[in-house]
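The block underneath contains the structure these notes are about, expressed in structure tokens.
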Amino acid sequence: MTFVAKPAVHHPRLPVNDLGLTRRDYEGSVSTLCAGCGHDSVSAAIVQACAELSIPPHRFAKISGIGCSSKTPSYFLNRSHGFNSVHGRMPSVATGANLANKELYTIGISGDGDSASIGLGQFAHIVRRRINMLYIVDNNGTYGLTKGQFSATNDKGSTNKRGAPNLYEAIDLVSMAIQLGASFVARSFSGDKKQLVPLIKAGLMHHGMAFIDVVSPCVAFNNHNGSTKSYEYVRKHSETVVAADYVPAAREITADYAPGTTERVSMPDGSTLHLYKVAEDYDPHNRVEALHYVQSRQERGEVVTGLLYLDPAAMDCHDILNTLDTPLNQLGTGELCPGSSALTAINESFR
Amino acid sequence: MKPTNILDPNYFHKVVDCQWACPAHTPVPEYIRLIAQERYTEAYMLNWDSNVFPGVLGRTCDRPCEPACRRVRTEEKPVAICRLKRVAADNKGDVTPWLPRVPTTKNGKKVALLGAGPASLAVARDLMPMGYEVHVFDKDPGGGGMMRSQIPAFRLPEAVLDEEVNLILDMGVQTHFNHPITSMKAMLDLGYDAYFVGTGAPRGRDLDLPGRKEVDAHVSIGIDWLSSVAFGHTTGISGKVIVMGGGNTAMDCCRTAVRLGAESVKVIVRSAFEVMKASPWEKEDAMAEGIPIINNRPPKEFVHENGKLKGIVFEVVKPVYGEDGRLRYEPSGEPDEYVECDHVLMAIGQENHCPWIERDIGIEFDKWDCPVLDEVTLQSTHPQIFFGGDAAFGPENIIWASAHAHKAAISMHLFLQGKDLHADRPPEHLNLVSAKMGVHEWAYDSRHDPSARHLVPHADRDKALHDLKLEVELGFDRKLGAQEAQRCLNCDVQTVFTPKLCIECDACVDICPMDCITFTADAEEIDLRQNLTAPALNPEQAIYVADGLKTGRVMVKDEDVCLHCGLCAERCPTNAWDMQRSVVHIPQVGNYSAG
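Order-wise, the sequence lines are chains A and B.
Just so we're aligned: 222 in our numbering is position 222 of the first sequence, and the numbers increase by one with no gaps anywhere.
The number in our numbering is simply the position in the second sequence, starting from 1, with 1000 added.
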């Protein structure tokens, strides 16, 4: 934990975005997590992505549950809306916030304990309901706050710090998200911002449920030999299948991937998502094949990363429910509480 | 590119920009920390070791350290290093217990120092503790040289100068004042074992213009006039005064003339304002006293009537920057200007001039009439004779004189002990000591202070303009000094990286407020500098490259705008980053064992 405030001064040539803000304007307070925690890199990636998107900080709502991961909203987007909810209940609060105001960009931050154990049911249902949000899981495979027990995403056979193996099957949140209806599913690594930042940007701009499982090593309890979620293991065993690059409207692409492997996907706001297929035979639009690919590689101990599944045309919860466009806080009392006569009229219509 | 060799003492020394820029390599951040701790005497002595005249320099130094200060690059204004030095000098206690011991039994060798200016005095200070018998000769009635004769008392009070000169003379230096030196041969005949020439650059330049000879009675050479004021021979100046020249001497002349009762004073300069030789603050101070500085006016002729000066005619030119970036002056098309005056002070430069050195005694001179010297040892072609200060390479400033003196003193000591001046010369070296005190405790104040440079209070202007000896700058008091000290970034506390401990977690990259750190694929320096999170575009500043990481990437840190805040080390889980205080050892006679 660090007590020293990060100096406000920044690099004299730090770029400014379209709003005239620098990346530093999107930061939060200095992290109190253990030094070297992967979660801090995820926070830094969110900061960078939001700054590059030129969205004003107050247009974000960041919502979390309980755990190391769920502390991180303090460490990014200081000037946004936030709610630190109960353990495993981030999805309920995020659902409410998003339904109440569809103009905000909703970011849910959760961990493997928060989403795969106590909040597994909530996770399943928010994905099913396709809330229009970016759902990030900082996945370190361990219960860091309670001193390093195996979490539900810890791979079977992976060992703890003292060398004892995990005896249970791991829950794979990526596979679940693909199955349950998320229209944007990705996996990334906290140590690879080149991949993670564009994914966060694309996920934020995606219309529908965007889920990113970020392997984020726990330096204190799960970064040893024998762990499958250590910096070293992930670097050695990760394989990118599809890299994404978010390109705002009216901007040129600069990335240099081999021709013929690029696909451009139009986004609702006029921007483009460029997909670079690093694994030639991988089709990120086919749910069944994507699931098969991810799981078969997982069997071999590989960590498949990148944008794994994308359905750009999917409906979100608001589309399904046909909700009002205006955020609830902009409606008058008369519209929000139309009175008992309106209720009677509704009831009458069902008789 | 090749990984950085941090064992090279110059690498981390260069990171301490102020110390690197200081000719005497004064350990600036270290003494600023001592000032912050109110340990003024220690801060003063640390200065005294390096630059010999902290009280004088704290008022008059040319401050090569300040433009070099990292604060200029991270924010805007440098730390007021020079005025902090003065804080140490103003608030110090008794320094006598800290002074080096001078042996009462001498080592049998006699040394003559010619001139009693800063260079000679500094040599005396270095050689006295080694047991040499030191004799100093000067034409003036006291020690100090140009510090006494050319710097007006309203910038440097006599008491301050006397104190620092006497610290040295009181070591037992044998003084021969009121002793003009007219012949080097005669000096050699006195049979000293070694000689040091520190006679400065005593000849002020003159202008050969129409009418110059006729008005001789109304023209004074700036440095000679200042000297005559300093020794009380000149006590007034009347009428309209023009000061010609744009250097610090011109600024001293105009401000002195105002105080001596001139009706009006104008500084008229051949060149453009921004290229004037005077330090920016000297120009500001002169202008603040209501003295106009008129630029782009090369003089054409002196106008006189019956041997009385009436005025000067100036051409009016226009400064133009050519495509090569060089400044040229073109005719402006405006008519010549006539400026009335009764007296001219000529401050257009000075040169070292040694007519008293016979040219047949083994000292070679180059085509510019400067002595031929070994740049490392400052030995002339006559093995017994060494040069330093302005007499060596032409006009510089006091801090250079101190730097030369340390070098020359080492050479003289080696020479007198029969050692080789190059081979036996002590090397510079650097120590690194971890500043880590505890989990979040560092042996320095790592917090970044965002406050702007504090202004030095000045004496009441009306009073100052009528009193030649009233010091204009009042200096920082203890409180302001402590506040200004906090602005120092502690650049001597280095970021030291140990690759084999690094797990490449990016914690340092994420926390660095200045985006100094990048982990990336290795490349040639020119490409590497571009590939960083914040490209390293300042070629003057090194990039610190370390290899040996597990992924095969390299760690690259741009030293340019690092705040030395220690957050990289604070957030590093494995201590791969450590903040280590670097201490540069610049050799001096006496602090090494060369005999």
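Backbone N, C-alpha and C define an ideal beta-carbon position, used for all residues, glycine too.
By the three-class DSSP mapping on this structure, what secondary structure does residue i have?
| i | result |
| --- | --- |
| W1577 (chain B) | strand |
| G1204 (chain B) | strand |
| T1518 (chain B) | strand |
| Y1592 (chain B) | With a pLDDT of only 49 at Y1592 (chain B), under 50, the local geometry of the prediction cannot be trusted, and the value read off the model is given with reservation. Residue state, collapsed to three classes: coil. |
| F1415 (chain B) | helix |
| Y1195 (chain B) | strand |
| E1358 (chain B) | coil |
| V1079 (chain B) | coil |
| M315 (chain A) | coil |
| M1244 (chain B) | strand |
| I1398 (chain B) | helix |
| G334 (chain A) | helix |
| T22 (chain A) | strand |
| P1009 (chain B) | helix |
| M133 (chain A) | strand |
| E1042 (chain B) | helix |
| F1393 (chain B) | helix |
| N101 (chain A) | coil |
| L1480 (chain B) | helix |
| K1109 (chain B) | coil |
| Y126 (chain A) | This sequence places Ile at residue 126 (chain A); Tyr is not what is there. Three-state DSSP puts I126 (chain A) in a helix. |
Pull up the DSSP beta-bridge partners for residue i, would you.
| i | result |
| --- | --- |
| K1652 (chain B) | There is simply no residue 1652 (chain B) to check, as chain B begins at 1001 and stops at 1595 in what is shown. |
| H1304 (chain B) | B:L1309 |
| V1493 (chain B) | B:R1581 |
| N1431 (chain B) | B:V1583 |
| I1348 (chain B) | Bridge partners of I1348 (chain B): none, in fact. |
| R264 (chain A) | A:H274 |
| A61 (chain A) | A:H81 and A:T106 |
| W1442 (chain B) | B:K1436 |
| Y309 (chain A) | A:V185 |
| H1454 (chain B) | DSSP output for H1454 (chain B) lists no bridge partner at all. |
| S1220 (chain B) | B:L1345 |
| A279 (chain A) | DSSP lists no partner for A279 (chain A). |
| E1340 (chain B) | B:G1311 |
| F1386 (chain B) | B:F1196 and B:Q1379 |
| N329 (chain A) | Per DSSP, none; premise fails for N329 (chain A). |
| E27 (chain A) | A:F76 |
| P1371 (chain B) | B:F1365 |
| V138 (chain A) | Residue 138 (chain A) is actually Asp in this sequence, not Val. DSSP, once it has assigned bridges, lists A:G111 and A:V214 as partnering D138 (chain A). |
| I1294 (chain B) | B:I1268 |
Am I right that residue i and residue j are in contact with their C-beta atoms under 8 Å? What's the rounded C-beta distance?
| i | j | result |
| --- | --- | --- |
| I46 (chain A) | S70 (chain A) | Not a contact, Cβ separation roughly 14 Å. |
| L173 (chain A) | S115 (chain A) | 6 Å |
| G38 (chain A) | S230 (chain A) | That pair is no contact at about 10 Å. |
| L1209 (chain B) | K1139 (chain B) | Not really, about 30 Å apart at Cβ, beyond 8 Å. |
| V86 (chain A) | G65 (chain A) | 7 Å |
| C957 (chain B) | C1082 (chain B) | Residue numbering for chain B in the displayed model covers 1001 to 1595; residue 957 (chain B) lies beyond these limits and cannot be assessed. |
| T1381 (chain B) | L1421 (chain B) | About 13 Å separates the two Cβ atoms, so there is no contact after all. |
| V1219 (chain B) | V1303 (chain B) | With 8 Å as the limit, V1219 (chain B) and V1303 (chain B) do not qualify as a contact, their Cβ atoms being about 13 Å apart. |
Length at least 3, wholly inside the segment 141-193 of chain A: the beta strand (DSSP E) runs in chain order
184-189
What ranges does the beta strand (DSSP E) occupy inside the segment 206-248 of chain A, keeping only unbroken runs of at least 3 residues that lie completely in it?
209-215 and 238-247
Name, going along the chain, the residues of the segment 1556-1574 of chain B whose beta-carbon falls closer than 8 Å to a beta-carbon of chain A.
V1561, L1563, C1565, G1566, L1567, E1570, R1571, C1572, P1573 and T1574
For the segment 1497-1574 of chain B, list the beta strand (DSSP E) runs that are entirely contained and at least 3 residues long, ordered along the chain.
1517-1520, 1543-1546 and 1554-1558
Which complete beta strand (DSSP E) runs does the segment 1130-1178 of chain B hold, if anything under 3 residues is left out?
1133-1137 and 1174-1176
Chain A contacts made by the segment 1417-1446 of chain B, where a contact means CB separation under 8 Å
H1440 and S1446
Residues from the segment 308-321 of chain A in contact with chain B, defined by Cβ distance under 8 Å
none
The segment 1503-1535 of chain B: positions lying closer than 7 Å to chain A by Cβ
I1503, E1504, C1505, D1506, A1507, D1510, I1511, P1513, M1514, D1515 and A1534
Residues in the segment 229-253 of chain A having any Cβ partner in chain B nearer than 7 Å:
Y231, E232 and R235
Curious, which full-length alpha helix (DSSP H) runs of at least 4 residues does the segment 1225-1290 of chain B contain?
1248-1259 and 1280-1288
Of all the residues that make up the segment 1065-1085 of chain B, which are near chain A by a beta-carbon distance shorter than 8 Å?
R1073, T1074 and E1075
Quick one, which residues of the segment 83-108 of chain A are near chain B if we go by CB-CB under 9 Å, in chain order?
none
Near-chain B residues of the segment 35-50 of chain A (beta-carbon distance less than 8 Å), N- to C-terminal order:
A35, G36, C37, G38, D40, S41, S43 and A44
Interfacial residues, the segment 117-130 of chain A to chain B, with Cβ spacing under 9 Å:
none
When Cβ atoms are compared, which residues of the segment 186-210 of chain A fall closer than 8 Å to chain B?
S190, G191 and K193
Scan the segment 214-229 of chain A for residues whose Cβ lies nearer than 9 Å to a Cβ of chain B and list them as they occur along the chain.
P217, V219, A220 and N223
Which residues, in order along the segment 9-20 of chain A, keep a beta-carbon less than 8 Å from a beta-carbon of chain B?
V9, H10, H11, P12, R13 and L14
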